[in-house]
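Residue numbers (UniProt numbering): 1 to 270.
What follows is the structure in structure tokens.
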């Protein structure tokens, strides 16, 4: 029996159940036919026009993204908007698209937990618990840990750069400040900074911050490491892609799961 879109949907929703999403979010099968046979799968962070072209060129009729193309549902679908052009192109090329966003952030073993693994942080707890999974484990946004061996902010910055494979990052705080309690929030962390503070975080590692939040936290002695939104999510999403490939092979299928080479940050640094 061939692998179908609905089979991938089940794999993804067993891993990151839809009920774990934040109330404002839109996740799941965005565009497509559940009964369509899967050729190959392309894993990306965003569904850009370049990613759509890449999927076509590589023979992929399913794109799995973190950020949903229908995050904001359109009033109309025309070639007059970027979103409309993408949707029309996907339908024309018979490409299905599935998105797993805040539910993938929240789930056990999801993006936040994968970041903690990359950083070799253990004994983690959830910052903002919003659900329990099937094994009665807490799920939610962000992770928090107490380091067995405290390190300086400077050392932590180097550790983060190495784990995320980046050459630079933004941070606030004194280089020699000792860090023992660390919070991690992938993507935009602004909404959860105060919760991390209330847990006693010495440093918050995230992907998007606002000036005034960071300025206030710095005055209170709390350090911020801002790696960038893209940089805080793409490493984990690539691991998810490899997991999907392994899961498919375990089920006896040989369909390829390809990690996008057109998924790049919109920002450049000099």
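Think of the CB as a built atom: it goes at the ideal place given N, C-alpha and C, for glycine as much as any other residue.
{"query": "Of the listed residues 200, 3 and 224, nearest to residue 169 (C-alpha basis)", "result": "224"}
{"query": "Nearest-angstrom beta carbon gap, residue 164 and residue 231 [assumed within contact, 8 Å]", "result": "5 Å"}
{"query": "Pair within 9 Å by beta-carbon distance, residue 115 and residue 61", "result": "no"}
{"query": "Those residues which DSSP pairs with residue 178 across a bridge", "result": "152"}
{"query": "Coarse secondary structure for residue 10, derived from DSSP in three states", "result": "helix"}
{"query": "Sub-9 Å separation of residue 43 and residue 251 beta-carbons", "result": "no"}
{"query": "Distance between beta carbons of residue 30 and residue 74, contact taken as under 8 Å", "result": "The pair is not a contact, with the Cβ atoms about 12 Å apart (cut-off 8 Å)."}
{"query": "Opening and closing residue of the beta strand (DSSP E) in which residue 232 lies", "result": "Residue 232 -> not in any beta strand (DSSP E); alpha helix (DSSP H) instead, spanning 229-250."}
{"query": "Option nearest residue 49 by Cα separation, candidates 104, 20 and 79", "result": "79"}
{"query": "Three-pair Cβ contact test at 8 Å for the segment 140-158 versus the segment 170-184", "result": "yes"}
{"query": "Burial state of residue 274, where buried means 16 or more other Cβ atoms lie within 10 Å", "result": "Limits of the chain in this structure are 1 at one end and 270 at the other, which puts residue 274 out of reach."}
{"query": "Residue 226: first and last residue of the uninterrupted beta strand (DSSP E) it sits in", "result": "223-226"}
{"query": "Residue burial classification, residue 141 (beta-carbon count within 10 angstroms, cutoff 16)", "result": "buried"}
{"query": "Within 9 Å, strictly: CB atoms of residue 222 and residue 195", "result": "no"}
{"query": "For residue 173 and residue 208, the rounded distance between their alpha carbons", "result": "17 Å"}
{"query": "Distance CB(residue 97)-CB(residue 90) smaller than 9 Å", "result": "yes"}
{"query": "Pairwise C-alpha distance: residue 100 and residue 70", "result": "12 Å"}
{"query": "Contact under 9 Å by Cβ, residue 182 with residue 217", "result": "no"}
{"query": "Residue span of the alpha helix (DSSP H) that contains residue 106, given as start and end", "result": "102-106"}
{"query": "CA-to-CA distance, residue 244 to residue 121, given in whole angstroms", "result": "24 Å"}
{"query": "CA-to-CA distance, residue 25 to residue 249, given in whole angstroms", "result": "30 Å"}
{"query": "Rounded separation between residue 9 and residue 28 - CA only", "result": "7 Å"}
{"query": "For residue 144, the three-state DSSP class (helix, strand or coil)", "result": "strand"}
{"query": "Distance CB(residue 145)-CB(residue 123) smaller than 9 Å", "result": "yes"}
{"query": "For residue 126, the residue or residues it bridges with in DSSP", "result": "143"}
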